[in-house]
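Worksheet: the structure to be examined is printed underneath.
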Amino acid sequence: MPYESKIRTYNPDRVTKNTTISQSLLQNIKLLAEKLDKPYNSLIEEGIDYVLITYKKQKDLIPPAKPLDRKQLGTTFSEVQYNQLKDRAKKLKTQTNTLIEIGMNYVLENRKENK
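Anchor point for the sequence shown: position 80 equals 80 in UniProt numbering, and the numbering is continuous, going up by one each time.
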């Protein structure tokens with residue numbers, strides 16, 4: 001089998017952001033990404049898309065309890081998408097990492113149903 005590079009092509013829209021994320025959620029996302037053979041960042045971005053589509057007003061959001069296992073994570077996101085998420089978090093009076101975790105939960109539940 002010929003060598004296949006795992007290095008992704010450079011995308012100038014992607015920026016590294018530090019946020020705090022539940023370690024158990026992140027571990028589950030990484031396991032799912034491994035099964036699907038895709039970067040876990042793309043699954044997180046799928047969850048962010050869901051959050052941006054679903055939660056537009058403060059009354060739409062019931063924030064979950066804050067996970068106790070949050071740790072800092074540095075990962076790359078689309079800068080445009082991340083800025084949209086930051087603006088949405090301000091509008092919803094919540095934290096960006098809370099919205100990311102809601103999106104991660106959605107991805108895990110949605111993929112579980114589609115198995």
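Heads up, the beta-carbon is just placed ideally off N, CA and C, and yes, glycines get one too.
Fair warning: this is a prediction, and the values are worked out from it, not measured in the lab.
Along the chain, where does the alpha helix (DSSP H) containing residue i start, and where does it finish?
{"i": "Thr-54", "result": "40-54"}
{"i": "Leu-92", "result": "79-92"}
How would you call residue i, buried or exposed, if buried means at least 16 neighbouring beta carbons within 10 angstroms?
{"i": "Gly-74", "result": "exposed"}
{"i": "Asn-97", "result": "buried"}
{"i": "Leu-36", "result": "exposed"}
{"i": "Thr-51", "result": "The question names Thr, yet the displayed sequence has Val at residue 51. With 16 or more Cβ atoms within 10 Å of its Cβ, Val-51 is classed as buried."}
{"i": "Glu-34", "result": "exposed"}
Can you name the residues that DSSP bridges to residue i?
{"i": "Gln-72", "result": "Thr-20"}
{"i": "Val-15", "result": "Phe-77"}
By the three-class DSSP mapping on this structure, what secondary structure does residue i have?
{"i": "Gln-58", "result": "helix"}
{"i": "Lys-30", "result": "helix"}
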